[in-house]
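Student:
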Amino acid sequence: MASNQGTDESDNTSSSPKNVYKDPDDGRQRFLLELEFVQCLANPTYIHYLAQNRYFEDEAFIGYLKYLQYWQRPEFPHCLYFLELLQNANFRNAMAHPANKVMISKRFPAKLFDQQYNLVTLLTTAKEMELAHRQQFYLWKNYRNNRLKHILPRPLPEPSALPPSSTTALLPPGPSSTMTAPSPVPAPVPSPGGSALSPMQYAIPSGSAVSKNDPRTGVVDRRKRKETSINFSLPCYTGKMGDLNSDQLFILEPGLLCKLSWRCHQVVIRNVRVVSLNSFVECTIPKDDGTLVSYVGFRVQHDNARGPMKGGIRYHPEVDLDEVNALAQLMTWKTAVADIPYGGAKGGIGCKPKDLSVSELERLTRVFTQKIHDLIGVNTDVPAPDMGTNAQTMAWILDEYSKFHGYSPAIVTGKPVDLGGSLGREAATGRGVVFATEALLSEYGKSIKDMKFAIQGFGNVGYWASKLIHERGGKVVAVSDITGAVKNPNGIDINALFDHKQKTGSLGNFSGGDSMDPNELLVHECDVLIPCALGGVLNRENADHVRAKFIIEAANHPVDPEADEILSKKGIIILPDIYANAGGVTVSYFEWVQNIQGFMWDEDKVNNELMRYMTKSFHNIKDMCGTHNCNLRMGAFTLGVNRVARATLLRGWEA
Ligand SMILES: NC(=O)C1=CN([C@@H]2O[C@H](COP(=O)(O)OP(=O)(O)OC[C@H]3O[C@@H](n4cnc5c(N)ncnc54)[C@H](OP(=O)(O)O)[C@@H]3O)[C@@H](O)[C@H]2O)C=CC1
Ligand SMILES: O=C(O)CCC(=O)C(=O)O
């Protein structure tokens, strides 16, 4: 570590005088690193991360924390309360308890921890919570920018940029640079106890118990990999649905950022106007039997450069902040690809809707709406349905929101037609999938009626996609949902299957086909595979066995990057989610427009406009692919990212 500073890596113990860091610019770099790290310590989630990754078991690190206390004189804002608490072993132990993650985030600021660190009994004022959330948000944003900095295309110099510091790797991931130092740079104050370590001495001692599999080393390795191979990143799933997070990255090569100046490129990479990440709320409701139960709900607002933020609300047990954040980002690119005047957002509640009664679902939705009603708005953030939610859910949100703000039909889309919903919205995502499929197949001189389809998921998207394909003469040879799967090589009668599911609640024992293992559906013999359920269903475990020639990503993130590579090598054409399932949000836009106009379109108009938008987007993506000689996913991302970048630049990005 710090080898370019003359330190000897083989003798890199925390107390060795050889490790004393010699700063080439009179402490400026050191000051910046310390400043950023200290600021990161204001983020409870980051502290929890440190605890979970066993930094607090490392004496050298504790010494480093002690040393950093010089930042507390003279007294700094509340962000340093944690630093004070971190001097206490009880607090560090409390942080290492996984259950405290959510709690500490919500009970922040830390000064309210009592002597026993009894987290449950803490109370915070609304003002403090607000301050804390803002602080967390800015730090998160900075942290995120820094992470992205590590994957920037290099070299793309800004005149004022600092040279990359090799010492950054000494610190845990997160606090690296982009903040500017005040001038003149104050010299670090010696450690209070005299025995604490200088920051540049902090390192994992050679021969320490940290194993190769330790997350600390893992993080460093991952970063290295990013530095060498990634230029711009986008989220995607790996593995099961819950794995979706913003660390799972698709790659967009810089050459695909067409006609972007360096400045514009920066704007995009700094990823843009993350509006609000901290919106997770606890929703406590009485169950029908009178017991109280709490759920965590989220609303992440990602970007509003192109207009109000837009995105669905998902009810699913695996919903968490990371997943919602990644889905919100996807919405930003999706609305841009569709060329509708929106940004991106997403929400969700970690719950199992099938285990809740209708009245429990209503109570939960109303409590969630009460908690986020100030965050959403007709011109700021407009929710819609996603997995596990439907028009009824939107009706409850509309009703609850209207109690606070007056009757506001445009606050949600995908609502019942009787409450101002658009004709055609319920079928829109599935219909859009079909229009997208038609556009793709026609490029290959084929049409739906020539093709055999396997469809995973028989909910809103899966049902409408399979029904419309069936109506167009396509053979739906396999369908699955959570209850099972059915196959018929001659084509399944989708209307009959729907009636059967309505009556029995499952796909099992359907007389119009044979039951099959639902896992087999993804590798079933067919021409076109349409995943319409979970993310991450196509991964390195099964990608090689896929037999379809085309995959239409009706679900969000059904294909993870490893699978993407394997499938592409097999010559399978993938139509990416940010285009393929954009029909839903496109008709949501029509619904919002109708609400604002106070005028209702007929269904033909909705469907014709949807077809026009989907066809136009397809040609825009194809043009992008032609210009940049890339596949459809990269073409779609390039299109979306460039549109967001242009809007961001035009609006003027905060400096
Ligand atoms: N609704 C919309 O407008 C949009 C949705 N999407 C995306 O489309 C996907 C589906 O959403 P939507 O149709 O609204 O959700 P729904 O909740 O209406 O339907 C989900 C379907 O997936 C099935 N399912 C769940 N788990 C599995 C599993 N392990 N194997 C097979 N099937 C499973 C469910 O089965 P069961 O019926 O038995 O519960 C259900 O049929 C999601 O990825 C969503 O983000 C994207 C754009 C818009
Ligand atoms: O209709 C909308 O506004 C959002 C739909 C959505 O969540 C999605 O496209 O993933």
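So my numbering is basically just the index in the sequence shown, starting at one, shifted up by 848.
In this text, a Cβ means the ideal position worked out from N, Cα and C, and glycines have one as well.
What are the boundary residues of the alpha helix (DSSP H) that residue 1409 is part of?
Tutor: Within the sequence shown, the letter at position 561 stands for residue 1409. Where residue 1409 is concerned, the enclosing alpha helix (DSSP H) stretches over 1409-1417.
Student: Between the C-alpha atoms of residue 914 and residue 935, what's the straight-line distance to the nearest angstrom?
Tutor: Residue numbering aside, residue 914 sits at position 66 when the sequence shown is read from its first letter. Residue numbering aside, residue 935 sits at position 87 when the sequence shown is read from its first letter. One C-alpha to the other measures close to 7 Å.
Student: Could you pull the start and end residues of the alpha helix (DSSP H) that residue 1291 belongs to?
Tutor: For this step, residue 1291 is matched to residue 443 along the sequence shown. Note, residue 1291: alpha helix (DSSP H), 1273-1291.
Student: What separation, rounded to the nearest whole angstrom, lies between the Cα atoms of residue 1151 and residue 1191?
Tutor: For the purposes of this step, residue 1151 is taken as the residue at position 303 of the sequence shown. For the purposes of this step, residue 1191 is taken as the residue at position 343 of the sequence shown. Whole-angstrom Cα-Cα distance: 5 Å.
Student: So for residue 1037, helix, strand or coil by DSSP?
Tutor: Start at 1 with the first residue of the sequence shown, and residue 1037 comes out as number 189. Confidence in residue 1037 is poor, its pLDDT being 36 and thus under 50, which makes the residue's placement unreliable; the coordinate value appears in the next sentence. Looking at residue 1037 - three-state DSSP - the assignment turns out to be coil, as it is neither helix nor strand.
Student: Using a strict less-than 5 Å threshold between each residue's beta carbon and the heavy atoms of ligand 2, what residues do you get?
Tutor: The set, ordered by position in the chain, is 1158, 1159, 1160, 1232, 1234, 1432, 1433 and 1436.
Student: Is there contact here, the region 1386-1397 with the region 1344-1363, by at least three beta-carbon pairs under 8 Å?
Tutor: No, because fewer than three Cβ pairs between the region 1386-1397 and the region 1344-1363 fall closer than 8 Å, the two stretches do not touch.
Student: Along the beta strand (DSSP E) that carries residue 1378, what are the first and last residues, could you check?
Tutor: Residue 1378 sits at position 530 when you count from the first residue of the sequence shown. That run of the beta strand (DSSP E) goes 1376-1379.
Student: Between which two residues does the beta strand (DSSP E) carrying residue 1235 extend?
Tutor: If you number the sequence shown from 1, residue 1235 lands on position 387. Unbroken run through residue 1235: none, as it is neither H nor E.
Student: Start and end of the beta strand (DSSP E) containing residue 1164?
Tutor: Taking the first residue of the sequence shown as position 1, residue 1164 is located at position 316. From DSSP, the beta strand (DSSP E) with residue 1164 extends over 1157-1164.
Student: By DSSP's criteria, residue 1422 is part of a beta bridge. Which residues make up the other side?
Tutor: What you label residue 1422 is simply residue 574 of the sequence shown in a count that begins at 1. Its beta-bridge partners are 1399.
Student: Quick one: is the Cβ of residue 1306 within less than 7 Å of any heavy atom of ligand 1?
Tutor: Sequence index remark: in the sequence shown, residue 1306 carries index 458 (1-based). Under cutoff, so the answer is yes.
Student: Thinking C-beta only, is residue 1230 closer than 8 Å to residue 1440?
Tutor: Position 592 of the sequence shown holds residue 1440. Position 382 of the sequence shown holds residue 1230. Going by C-beta atoms, residue 1440 is nearer than 8 Å to residue 1230.
Student: Measure the Cβ-Cβ separation of residue 1421 and residue 1401 and say whether it is below 8 Å.
Tutor: What you label residue 1421 is simply residue 573 of the sequence shown in a count that begins at 1. What you label residue 1401 is simply residue 553 of the sequence shown in a count that begins at 1. Contact flag unset, no.
Student: Helix, strand or coil for residue 1478, going by three-state DSSP, please let me know.
Tutor: Locating residue 1478 in the sequence shown gives position 630, counting from the first residue. It is coil, neither helix nor strand.
Student: Look up residue 1132 in the DSSP assignment and say whether it is helix, strand or coil.
Tutor: Walking along the sequence shown from the start, residue 1132 turns up at place 284. Looking at residue 1132 - three-state DSSP - the assignment turns out to be strand.
Student: Quick one, which of 1208, 1304, 1325 and 1450 has its alpha-carbon nearest residue 1384's?
Tutor: The residue given as residue 1384 occupies position 536 in the sequence shown. The option with the nearest alpha carbon to residue 1384 is 1304.
Student: CA-CA distance, residue 1485 and residue 1132?
Tutor: For this step, residue 1485 is matched to residue 637 along the sequence shown. For this step, residue 1132 is matched to residue 284 along the sequence shown. Near 39 Å, if we compare the C-alpha coordinates of residue 1132 and residue 1485.
Student: Measuring only from the beta carbon, is residue 1383 closer than 7 Å to any heavy atom that is part of ligand 1?
Tutor: The count along the sequence shown starts at 1 and reaches residue 1383 at position 535. Answer for residue 1383: yes, Cβ within range of ligand 1.
Student: Out of 1155, 1302, 1240 and 1258, state which residue places its alpha-carbon closest to the alpha-carbon of residue 1448.
Tutor: As a working note, residue 1448 is residue 600 in the sequence shown. Answer by Cα proximity: 1258.
Student: Can you tell me the Cα-Cα spacing of residue 990 and residue 1141, whole angstroms?
Tutor: As a working note, residue 990 is residue 142 in the sequence shown. As a working note, residue 1141 is residue 293 in the sequence shown. Low per-residue confidence applies at residue 990: pLDDT is 45, beneath 50, and the placement is therefore not dependable, though the value from the model is reported in the following sentence. For residue 990 and residue 1141, the distance between alpha carbons rounds to 35 Å.
Student: Where does residue 1306 fall in DSSP's three states?
Tutor: Here residue 1306 corresponds to residue number 458 of the sequence shown, with the count starting at 1. Looking at residue 1306 - three-state DSSP - the assignment turns out to be coil, as it is neither helix nor strand.
Student: Note down, one range per segment and in chain order, each alpha helix (DSSP H) of at least 4 residues found wholly within the region 1177-1253.
Tutor: List check, alpha helix (DSSP H) in window: 1206-1220 and 1239-1253.
Student: Would you kindly work out how many angstroms separate the C-alpha atoms of residue 1364 and residue 1339, rounded to a whole number?
Tutor: Here the question's residue 1364 lines up with position 516 in the sequence shown. Here the question's residue 1339 lines up with position 491 in the sequence shown. Distance between the alpha carbons of residue 1364 and residue 1339 is about 14 Å.
Student: Give the DSSP bridge partners of residue 1386, in chain order.
Tutor: Taking the sequence shown and counting its residues from 1, one reaches residue 1386 at position 538. Bridge partners of residue 1386: 1407.
Student: Under 7 Å: does the beta carbon of residue 1403 sit that close to some heavy atom of ligand 1?
Tutor: Here residue 1403 refers to the residue found at position 555 of the sequence shown. For ligand 1, at least one heavy atom lies less than 7 Å from the Cβ of residue 1403.
Student: Are the CB atoms of residue 1277 and residue 1432 within a distance shorter than 8 Å?
Tutor: One-based indexing of the sequence shown puts residue 1432 at position 584. One-based indexing of the sequence shown puts residue 1277 at position 429. In contact: residue 1432 and residue 1277 (Cβ atoms closer than 8 Å).
Student: Out of 931, 912, 892 and 1153, state which residue places its alpha-carbon closest to the alpha-carbon of residue 1489.
Tutor: Start at 1 with the first residue of the sequence shown, and residue 1489 comes out as number 641. Ranking 931, 912, 892 and 1153 by Cα distance to residue 1489 puts 1153 first.
Student: Out of curiosity, what's the CA-to-CA distance linking residue 1406 and residue 1268?
Tutor: Indexing the sequence shown from 1 puts residue 1406 at position 558. Indexing the sequence shown from 1 puts residue 1268 at position 420. Distance between the alpha carbons of residue 1406 and residue 1268: 32 Å.
Student: In terms of DSSP beta bridges, what is residue 1471 paired with?
Tutor: On the sequence shown, position 623 is the one that residue 1471 refers to. None, per the DSSP bridge assignment.
Student: What does DSSP give as the partner residues of residue 1362 in its beta bridges?
Tutor: Against the sequence shown, residue 1362 aligns to sequence position 514. According to DSSP, residue 1362 bridges with 1335.
Student: Measuring CB atoms only, is the region 1242-1255 touching the region 1406-1420, in the sense that at least three cross pairs come out at less than 8 Å?
Tutor: The answer is no - the region 1406-1420 does not touch the region 1242-1255, with fewer than three Cβ pairs under 8 Å.
Student: Reducing DSSP to helix, strand and coil, say where residue 1326 ends up.
Tutor: For the purposes of this step, residue 1326 is taken as the residue at position 478 of the sequence shown. Three-state result, residue 1326: strand.
Student: Do the region 1217-1237 and the region 1156-1163 touch if we need at least three Cβ pairs shorter than 8 Å?
Tutor: Output reads yes: the region 1156-1163 touches the region 1217-1237.
Student: Mind checking residue 937: buried by the 16 CB within 10 Å criterion, or exposed?
Tutor: Residue numbering aside, residue 937 sits at position 89 when the sequence shown is read from its first letter. So residue 937 ends up on the exposed side.
Student: Please classify residue 1456 as buried or exposed, where buried requires at least 16 neighbouring CB atoms within 10 angstroms.
Tutor: Residue mapping note: residue 1456 aligns to position 608 of the sequence shown, counting from 1. It is exposed - the Cβ of residue 1456 has fewer than 16 other Cβ atoms within 10 Å.
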